[in-house]
Structure formats: C-alpha cells, structure tokens
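Q: To convert, take the position in the sequence shown, counting from 1, and add 114; that gives this note's numbering.
Take a look at this one; I'll ask things after.
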Amino acid sequence: MKRFIVTGGGTSGHINPAITIADALMAHYGPSEGCEIIFTGRKEGLEGELVPKAGYELRSITAKPFPMKPSLRMIKAFIALNEGKKQCMQIIKDFKPDAVIGTGGYVCAPLLDAASSLKVPVVIHEANAFPGRANRYMGRKADLVLTGFPGIEKDFPKAHKIIHTGNPIRSIMIGNDRDECRKKLGLDPSDKMVFAMGGSLGSKTINDFIIDAAGRPEFKDIKFVLGSGKQQTAKLTEGIKIPDNLQMFEYISNTNEYMCAADVSITRSGAVTCAETAAIGSCSIMIPYPHAAHDHQTYNASTFEKIGGCILMSDADVVDGKLFEVLGSLLNDEDRRMSMRENAKKLAVLDCDEKIVKAIEELVGN
C-alpha cells in the first residue's frame, strides 16, 4: 500500500493539477498494491470545495498568505505557518505517507516544511514558467521538482532532482481531430470561428472585446463563441444586444472541441490553459491576466511566443483596441494560423501523467 499526502490551493491552477496527479497515482498503484491519498488545505478555500468533489479527504490546516512587503500581516503569516506545520506533523505521523506532493500556493508550505523536518520525501510540481514563492522557498528542501515548462531548472538550484514533465491536463484534450470537432459543432468548411474564454470566472477584457468585435462590420461573417464565466455573464447581458453571430455561454465543458475547431482562440495564459493549447495545437492569441502573481502568465505565454506558437498581447493593449487589427490579419492568413498550430504542439507533453508517476515511483520505490 502506497500512501501520499497532496496539497495545493488558492486557485484552480494549483488545485486541479494536484487532483490530476492524485488520480494518476491512484490509477497506477490501485490495481496492484493499492494506494491511499489524502489532501491538506483550508476548508474555507477553493480546495475545500474541489477536493471533496473529486472524492478525496481534505484535512483542514491553518495557513495564511505572506504579504509581498513587510507588515503586521507578515507576523500573522509566520504564526499561521508554525501552527499549520504542527498540524501537518501530526497528520504525517498518523498517516505515514511515502511522500508528500505540493503543487503551489501558500497552503503548501506547512505540509512540505513539516515533511522535510520529519525526513519524508518532498515532491513539488511547478506548473508555471515563473515559479511561485511557496514553491521556490520549498524547492530548497525538495527531493524532487517536476516542472510544467522547460528551462526553469535555474529557479530550483538546491533541489535534489528536477524533471520536466509538463502539466497534467484532462484526457479529453488529447487526440482531437479538427475536422471532426468542426462537424460536431455544426460548422461548414467555409465558416470561420473565433473561440474566446477568460477562465471559469471570466475576463471582462476578453468579454468586452468579443462583444464589440462580433458587432463590427469587418467581422460580420465570423462566428464568435464566448465562454463568459460565472462572474461576468449577468453583467454582460444587462441592457446589451448580443450580436447574431455570437454564441455566449456562462461555462463550456467541451472546450477541447471549441479550441480544436476554432480558427483562432483568445485566452488567458494560465499554466493549464497553456498545456491544453499545446495538446490541442490551437492557434491562440494569449492575453495574460495582468494581476497574476509575479506576472507569471506573461512568462507562460512568452514560452509560446518565442517559438511562434501564439500571439502575445497585453491586457492594456486589448483595452486600447489594438487586438481588432491583429485578429483581422490573423483570420486572413491561413498559413500563419497553421504554422502557429504546429509550433504550439512542440510544447505538448502528452504523456505527462506517466512521467509524473514514474518520477514519483522512482523516488519512493516500487
């Protein structure tokens, strides 16, 4: 029986990869020797909703974010870290894991710090091209660091071992056929379609742009599909006439079909979105979320831009109206769109789950 404690919280970008890794470990060990996995985190955090929904036990611990600048909040964060570490040390002693696994966010620090003190192997998965503070701090004590993007080994100079595995993604993102996806969505061969989404909560910048673009004469023959997000949809529909060539959904589960079928996708550049873009081979315009910690979404998108795998545009430039011309030009350049798709695919790691499981298996033993 293999036992693991997994942690990651604050945002879905930390939690969903943690759940995917847990699922991969359960699938690998379950049929043979068995596997037991629990999570640690804050019950009042997003992990408190997503982890139990995925079928895993979440043991609540104390944790607070560290402020970027010295303040009284720093003292409270240290107190919370120490309290959370004590809680995690007891959890580790009771559960006796073969390793602990963290995917980022301040809720990771107590567990990973406690595991290091108790000489339990520490595994970190860093999804972004610019590592977060918690992962960089704990990377000094990590037995194994798994990276979602290539070329960030320098950010973990004291880690015992570093392996580029890519980022875990949903299985539906792999193996999609463009013609089949367009057929499923009712698109004719001559149709041009733009798909846009700003994450599960939505992006006001992207939503405003799509509604404006769909109503412009130069885009009247383009079909637009918008995943507007839970927080934005109600505001968008108040007193606004939705153009006939725009389909708008609060949430889209089959994003694989839309990304694959679209002539152009317009998205943020979170780590999971980037991994899905590469797996699909989507022709994407990436607009990094401007308030992401350390601007890590720009680093993510830059990895694609450097190899011609996306067009990178700042949120401010979109607000200023610069995306209209860029989108029009791209829709009229089939060769460039094809090139961008092929270049994006170069960053795909389609066997990510297997790489992660193999690396962890080598660490803890068969």
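Just so it is clear, CB atoms sit at the ideal spot from N, CA and C, and this is done for glycine as well.
All values reported here derive from a predicted model rather than from experimental measurement.
Measuring CA to CA, which of Pro282, Asn457, Met307, Gly312 is closest to Glu468?
A: Taking the first residue of the sequence shown as 1, we reach residue 468 at position 354. If we check each option's Cα against that of Glu468, Pro282 comes out closest.
Q: So the alpha helix (DSSP H) Cys295 belongs to, where does it begin and stop?
A: Within the sequence shown, numbered from 1, the residue matching residue 295 stands at position 181. Cys295 -> alpha helix (DSSP H) spans 292-298.
Q: Determine the DSSP secondary structure at Phe270, reduced to helix, strand or coil.
A: Indexing the sequence shown from 1 puts residue 270 at position 156. Coil, per DSSP.
Q: Quick one: what's got a C-beta closer than 6 Å to Leu340's C-beta in the same chain, skipping five residues either side?
A: As a first step, residue 340 must be located in the sequence shown, where it is residue number 226. Closer than 6 Å at Cβ, skipping near neighbours: Ala310, Ile324, Met362.
Q: Given that a residue counts as buried once 16 or more other Cβ atoms are within 10 Å of its Cβ, and exposed if not, what is Ser383?
A: For this step, residue 383 is matched to residue 269 along the sequence shown. Buried, by the Cβ-count rule.
Q: Under three-state DSSP, which class holds Gly341?
A: For the purposes of this step, residue 341 is identified with residue 227 of the sequence shown, where counting begins at 1. In this structure, Gly341 counts as strand in the three-state DSSP scheme.
Q: Starting from His239, follow the beta strand (DSSP E) in both directions and report where the run begins and ends.
A: Within the sequence shown, residue 239 is the residue found at index 125, counting from 1. Taken as a continuous stretch (DSSP letters only), the beta strand (DSSP E) holding His239 covers 236-240.
Q: Under the assumption that Leu441 contacts Ala327 (Cβ atoms under 8 Å), give the Cβ distance between them as a whole number of angstroms.
A: Translated into positions along the sequence shown, residue 441 becomes position 327. Translated into positions along the sequence shown, residue 327 becomes position 213. Leu441 to Ala327, Cβ: 7 Å. Contact.
Q: Between the alpha carbons of His274 and Leu437, how many angstroms are there, rounded?
A: Numbered from its first residue, the sequence shown carries residue 274 at position 160. Numbered from its first residue, the sequence shown carries residue 437 at position 323. Their backbone Cα atoms lie some 44 Å apart in a straight line.
Q: Is it true that the CB of Met203 sits closer than 8 Å to the CB of Leu172?
A: Here residue 172 refers to the residue found at position 58 of the sequence shown. Here residue 203 refers to the residue found at position 89 of the sequence shown. It is not a contact, given that the beta carbons lie outside the stated cut-off.
Q: In the DSSP assignment, what are the bridge partners of Glu456?
A: On the sequence shown, residue 456 is found 342 positions in, with the first residue counted as 1. According to DSSP, Glu456 bridges with nothing at all.
Q: Could you tell me whether the stretch 149-162 touches the stretch 117-127, where touching means 3 or more Cβ pairs closer than 8 Å?
A: The stretch 149-162 vs the stretch 117-127: in contact.
Q: Short of 6 Å in beta carbon distance, which residues of its chain neighbour Tyr143, apart from the five on each side in sequence? Order them along the chain.
A: Position 29 of the sequence shown, counted from the first residue, corresponds to residue 143. Closer than 6 Å at Cβ, skipping near neighbours: Lys116, Cys149.
Q: Please classify Gly218: does DSSP put it in a helix, a strand, or coil?
A: Locating residue 218 in the sequence shown gives position 104, counting from the first residue. Gly218 falls in the coil class under three-state DSSP.
Q: Is the distance from the Cβ of Thr121 to the Cβ of Leu260 below 8 Å?
A: Translated into positions along the sequence shown, residue 121 becomes position 7. Translated into positions along the sequence shown, residue 260 becomes position 146. Taking 8 Å as the Cβ cut-off, Thr121 and Leu260 do not qualify as a contacting pair.
Q: Based on DSSP bridge pairs, tell me the residues matched to Met287.
A: Your numbering for residue 287 matches position 173 in the sequence shown. Partner(s): none; Met287 has no beta bridge.
Q: Are there three or more Cβ pairs, one per stretch, closer than 8 Å when the stretch 292-300 is compared with the stretch 368-382?
A: Verdict: yes, contact present.
Q: With DSSP collapsed to three states, give me the class of Thr134.
A: For this step, residue 134 is matched to residue 20 along the sequence shown. Three-state result, Thr134: helix.
Q: To which residues of the same chain is Thr412 closer than 6 Å at the C-beta, ignoring the five residues directly before and after it?
A: Your numbering for residue 412 matches position 298 in the sequence shown. Correct list, in chain order: Pro402.
Q: Please state if the CB of Ala256 and the CB of Val236 are separated by a distance shorter than 8 Å.
A: Numbered from 1 along the sequence shown, position 122 holds the residue referred to as residue 236. Numbered from 1 along the sequence shown, position 142 holds the residue referred to as residue 256. Yes.
Q: Any idea if Lys157 is buried or exposed, counting beta-carbon neighbours within 10 angstroms, 16 or more meaning buried?
A: Locating residue 157 in the sequence shown gives position 43, where the first residue counts as 1. Exposed is the call here.
Q: Quick check on Ala141: buried or exposed, where buried means 16 or more other Cβ atoms within 10 Å of its Cβ?
A: As a first step, residue 141 is located in the sequence shown; it is residue number 27 there, counting from the start. Counting Cβ neighbours within 10 Å, Ala141 comes out exposed, since fewer than 16 surround it.
Q: As an exercise, report each continuous alpha helix (DSSP H) stretch of at least 4 residues that is fully enclosed by the stretch 416-444, in chain order.
A: 429-433, all fully within the stretch 416-444.
Q: Report the option in Lys178, Leu258, Ile238, Lys210 whose CA atom is closest to the CA atom of Val221.
A: If you number the sequence shown from 1, residue 221 lands on position 107. Of the listed residues, the one whose Cα sits closest to Val221 is Lys178.
Q: My understanding is that Thr417 touches Phe270, with C-beta atoms under 8 Å, so please give their C-beta distance in whole angstroms.
A: To locate residue 417, count along the sequence shown from 1; it is residue 303. To locate residue 270, count along the sequence shown from 1; it is residue 156. Wrong, their Cβ atoms sit about 17 Å apart, outside the cutoff.
Q: Take Gly218 and list the residues in its own chain whose beta-carbon comes closer than 7 Å to its own, dropping the five residues that flank it on each side.
A: Here residue 218 is taken as the residue at index 104 of the sequence shown, counted from 1. Only Gly122, His128, Glu240, Ala241, Gly246, Ala248, Asn249 meet the Cβ criterion.
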